[in-house]
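Chains as they are written, first to last, in my numbering: chain A, 98 to 493; chain B, 98 to 493. The beta carbon of each residue, even a glycine, is placed where N, CA and C say it ideally should be. Down below is the structure, laid out as structure tokens.
Protein chains: 2
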Amino acid sequence: MRRMTARPANAHQARLLKLLRDGGPNSRAQLGDQIDLSRSKLAVEVDRLLETGLVVADGLAASRGGRRSHNVRLNPGLRFLGVDIGATSVDVAVTNAELEILGHLNQPMDVREGPVAVFEQVLSMAAKLRASGLAEGYDGAGIGVPGPVRFPEGVPVAPPIMPGWDGFPVREALSQELGCPVMVDNDVNLMAMGEQHAGVARSVGDFLCVKIGTGIGCGIVAGGDVHRGVTGSAGDIGHIQAVPDGRPCACGNRGCLEAHFSGAALARDAVEAAQQGLSEELASRLEAGGTLTAVDVAAAAAAGDATALDLIREGGNRVGQVIAGLVSFFNPGLVVIGGGVTGLGHTLLAAIRTQVYRQSLPLATGNLPIVLGELGPTAGVIGAARLISDHLFSPA
Amino acid sequence: MRRMTARPANAHQARLLKLLRDGGPNSRAQLGDQIDLSRSKLAVEVDRLLETGLVVADGLAASRGGRRSHNVRLNPGLRFLGVDIGATSVDVAVTNAELEILGHLNQPMDVREGPVAVFEQVLSMAAKLRASGLAEGYDGAGIGVPGPVRFPEGVPVAPPIMPGWDGFPVREALSQELGCPVMVDNDVNLMAMGEQHAGVARSVGDFLCVKIGTGIGCGIVAGGDVHRGVTGSAGDIGHIQAVPDGRPCACGNRGCLEAHFSGAALARDAVEAAQQGLSEELASRLEAGGTLTAVDVAAAAAAGDATALDLIREGGNRVGQVIAGLVSFFNPGLVVIGGGVTGLGHTLLAAIRTQVYRQSLPLATGNLPIVLGELGPTAGVIGAARLISDHLFSPA
DNA sequence: GCGTCTTTGTCCTGAGAGTGGAGAAAGTTG
DNA sequence: CAACTTTCTCCACTCTCAGGACAAAGACGC
């Protein structure tokens with residue numbers, strides 16, 4: 098099917114599209130309240146957007162004490178694809194232009210199988226969503242990968258946990274297959290954008306979004322925009338030294354944060370503890386499943402297992418220590434904790450908070466909320482849709 | 098004397114003023130090459146700037162193969178005052194509108210004497226510069242203080258090393274006394290702006306500027322702009338934990354970076370070493386001067402004293418470790434080392450580089466210069482002048 | 001049911017912003 | 001001294017944008 102190809106012709110139109118995306122259907126009068134334009138000029142730009150088809154009339158709204166307004170809204174037929182490639186699974190979702198999720202699929206998959214296999218999977222999931230009637234095609238797609246990305250080109254660079262992906266033209270290839278514009282970013286940055294768009298970080302301009310999953314990363318939002326760094330590796334905090342002369346890490350150094358606490362490290366420590374007979378709870382789970390994951394530790398902790406609680410607390414202390422440093426450095430207005438280990442819940446959060454509030458200066462922590470992400474596994478795909486919509490809703 | 102009060106009327110004029118500030122006298126044609134405006138429109142805006150008096154004609158330039166151009170330049174009578182209040186001294190300088198230093202005074206002074214005493218000193222230095230004929234008055238002033246600042250209001254907040262300054266209306270008071278607009282910022286941010294304007298960081302959009310003096314701070318420039326954080330305390334890295342259970346720090350915690358390495362810590366360690374008889378060089382200097390400073394350590398190191406070199410190396414390792422973490426997190430394109438201890442020179446730099454290159458990921462360090470600041474003690478005052486000129490050269 | 005008030009949206013006019021070309025002014029070069 | 005360059009100014013024309021007048025459509029009080 099032929100998809101929309103129109104783009105806003107100027108900054109005003111871009112602004113209007115974003116207001117409609119974030120605020121849903123609106124009348125010209127309501128739009129006028131939110132934008133610095135005369136009614137006449139605004140009407141002209143809205144008419145032009147109607148001509149492009151990006152925006153459509155949406156009937157009459159209720160009266161607010163006078164003539165009823167004619168609402169307009171983003172074309173309800175627009176479809177964005179949000180893809181979140183994690184280390185061990187793939188999430189794919191369809192959204193409308195208002196970034197509401199219409200359908201969401203998740204599939205376990207090891208990113209190390211390489212770009213070709215993963216791509217095949219993503220395309221099949223996208224096709225499945227299309228086949229279920231949620232979309233006739235895609236107007237744009239955003240995709241997140243678990244490693245640094247050369248953002249302007251949309252190409253992963255030197256990704257430690259993604260052998261085979263280095264230099265793979267993700268943007269180019271996906272755009273070719275889907276026949277629509279594509280933007281690529283680090284998965285952590287997308288999670289931050291997701292929480293900023295629809296989660297706990299709404300209306301916060303400077304915040305950190307720490308994602309603890311198989312590895313650890315940190316999305317940085319400064320002045321409302323994602324900070325990616327000069328080579329796209331900003332936020333790569335997994336290899337900050339957390340313990341002097343600590344555990345050996347896959348990167349070759351010792352004591353990296355990721356070696357001491359992450360989904361993978363936690364699972365390894367839990368198995369160790371079970372084998373050493375420190376926890377019956379963990380041992381029986383190990384026996385039953387053959388292996389342990391962060392989910393098992395969470396369950397054991399919920400059941401009151403002291404060893405599991407200790408593991409979580411110790412890990413939280415490590416992460417908290419590093420975050421404390423980042424808070425001193427960056428002075429954010431909010432810290433969001435997300436990723437797979439959020440299942441560890443309040444125990445983890447309490448440990449992190451303790452460290453940060455104790456080690457950072459009062460001025461930086463005085464009014465600093467440290468909270469769990471609100472969107473869970475949908476943060477990434479919403480962020481991905483947001484990424485491509487920000488791109489498409491900007492002047493060409 | 099009546100000073101200039103005009104401000105640019107629109108973004109074009111602001112852009113032109115900044116081009117003239119950074120590029121010196123220019124013809125209309127040269128300006129046209131650097132700005133996206135038609136020659137006719139550009140001529141109109143230049144004429145309006147001439148009318149305001151901010152810009153003046155500057156005679157004919159050499160021919161470039163055709164008609165000679167009529168240069169324009171910023172009014173050579175404009176004067177900015179740059180003030181850099183350090184922990185132990187005050188720098189005051191006069192610049193022209195192109196931010197060239199016309200006169201510079203330095204005066205030892207303890208910031209703990211409080212805002213009233215320091216202000217008196219600053220005003221007397223400003224008057225001295227005026228009396229020497231360098232300025233008939235000031236069109237604007239920038240001032241840096243060694244602590245966090247609520248930037249929009251220009252008021253220091255909860256400054257640990259500046260008791261008595263909390264909430265003191267620096268901007269308001271100085272503006273009153275000098276009769277011109279004033280902007281206030283953290284001294285480290287100003288140093289970063291100085292190096293960005295006229296030093297090693299020219300044309301770098303994302304960099305860190307670590308200032309090691311009495312304390313330690315870090316200026317953060319992201320996307321060309323200084324990142325100040327939500328409460329103005331961004332870059333306050335002196336109290337990041339560098340050594341678990343390390344030395345007690347004035348802030349109440351243990352192992353803070355500042356407690357292990359800074360001008361003050363280095364002097365203390367040197368005295369200790371001298372008293373323990375570890376270094377004859379340092380001991381003789383202690384005897385001679387009654388006390389030791391970073392300058393003594395630098396001299397001892399230059400003379401080949403092993404103990405002094407060890408102190409510097411160990412300190413550099415500590416700082417380098419912290420910077421390594423910040424590099425992983427922020428992924429800057431450049432790291433500038435400045436402040437009082439730059440006298441320690443290459444020994445310090447080598448230790449820092451070793452740590453950063455060893456601990457951060459190759460992608461972040463692959464093309465990362467770590468260099469000493471170029472401007473020395475003038476970085477702060479140039480940054481201060483730049484701060485106020487950025488303000489005055491923006492539309493009102 | 002009817003006039004009055006409020007809200008919404010459209011139309012029109014006039015002020016500026018901005019472009020691009022013509023052409024004058026002032027050089028260089030052979 | 002002719003031909004070519006570069007710089008700058010002037011002018012006509014287009015486009016943007018604001019703000020007021022006005023029409024449409026509803027709420028509300030009497």
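The beta carbon of residue 255 of chain A falls within 8 Å of a beta carbon belonging to chain B, placing the residue at that interface. Sequence-distant partners of residue 186 of chain B (beyond 5 residues in either direction) whose C-beta falls short of 7 Å from its own C-beta, in its chain, are 203, 204, 205 and 206. With contacts defined as CB atoms closer than 8 Å, residue 310 of chain A and residue 140 of chain A fail to qualify as a contacting pair. At a beta-carbon threshold of 8 Å, none of the residues of chain B lie near residue 108 of chain A; the nearest stands roughly 13 Å away. Comparing C-alpha distances from residue 239 of chain B to each of B/227, B/283 and B/256 shows the shortest one belongs to B/283. Restricting attention to A/123, A/280 and A/190, the CA atom closest to the CA of residue 489 of chain A is found in A/280. Taking residue 335 of chain A as the centre and dropping the five residues before and after it, the same chain places the C-beta of 312, 313, 314, 353, 354, 355 and 359 closer than 8 Å to its C-beta, in chain order. Contacts with chain B (Cβ-Cβ distance below 8 Å) from the stretch 428-439 of chain A involve 428, 429 and 430, listed in chain order. Among the residues facing chain B, residue 338 of chain A is included, as its CB has a counterpart in that chain under 8 Å away.
Residue 475 of chain B carries a helical assignment under DSSP once its states are collapsed to helix, strand and coil.
According to DSSP, residue 306 of chain A shares a beta bridge with A/316 and A/433. Against chain A, the beta carbon of residue 294 of chain B has no neighbour under 7 Å; the closest one sits roughly 20 Å away. Inclusion of residue 265 of chain B and residue 212 of chain B in the CB contact set at 8 Å is warranted, their separation being smaller than that value. At a Cβ-Cβ threshold of 8 Å, residue 316 of chain B and residue 285 of chain B count as neighbours. By the Cβ criterion, the stretch 259-275 of chain A is in contact with the stretch 216-227 of chain A, since at least three pairs of Cβ atoms, one from each stretch, lie closer than 8 Å.
Among the CB atoms of chain A, one or more fall inside 8 Å of the CB of residue 348 of chain B. One alpha carbon belongs to residue 363 of chain A, the other to residue 407 of chain A, and they sit about 11 Å apart.
In this structure, the beta-carbon distance from residue 479 of chain A to residue 469 of chain A does not fall below 8 Å.
About 31 Å separates the beta carbon of residue 373 of chain A from that of residue 421 of chain A, a gap too long to meet the 8 Å contact definition. Only those residues of the stretch 322-337 of chain B whose C-beta falls short of 9 Å from the nearest C-beta of chain A are listed: 322, 324, 325, 326, 327, 328, 329, 330, 331, 332, 333, 334, 335, 336 and 337.
When DSSP reads this structure, residue 167 of chain B sits in a beta bridge with B/157. Here the alpha carbons of residue 171 of chain B and residue 194 of chain B stand approximately 6 Å from one another. Counting along the chain, the unbroken alpha helix (DSSP H) around residue 404 of chain B starts and ends at 403-427. Residue 199 of chain B carries a strand assignment under DSSP once its states are collapsed to helix, strand and coil. Residue 303 of chain A has a beta carbon lying within less than 8 Å of a beta carbon in chain B. By the neighbour-count definition (other C-beta atoms within 10 Å, threshold 16), residue 243 of chain B is a buried residue. Across the structure, residue 154 of chain A and residue 134 of chain A are spaced so that their CA atoms are roughly 20 Å apart. Under DSSP, residue 265 of chain B takes part in no beta bridge, so it has no partner. Annotation: residue 306 of chain A has no Cβ neighbours in chain B at a cutoff of 9 Å; minimum Cβ distance is about 13 Å. Each residue's CA atom was taken as its position, placing residue 168 of chain B and residue 121 of chain B some 10 Å apart. From the listed residues A/146, A/441, A/150 and A/127, the smallest Cα separation to residue 107 of chain A is found for A/146.
Put simply, the CB of residue 310 of chain B is far from chain A, with every gap to its CB atoms at 8 Å or more. Residue 353 of chain B is bridged by DSSP to B/338.
Secondary structure of residue 204 of chain B (DSSP, three-state): strand.
Between residue 486 of chain A and residue 177 of chain A, the C-beta gap is smaller than 8 Å, which places the two residues in contact.
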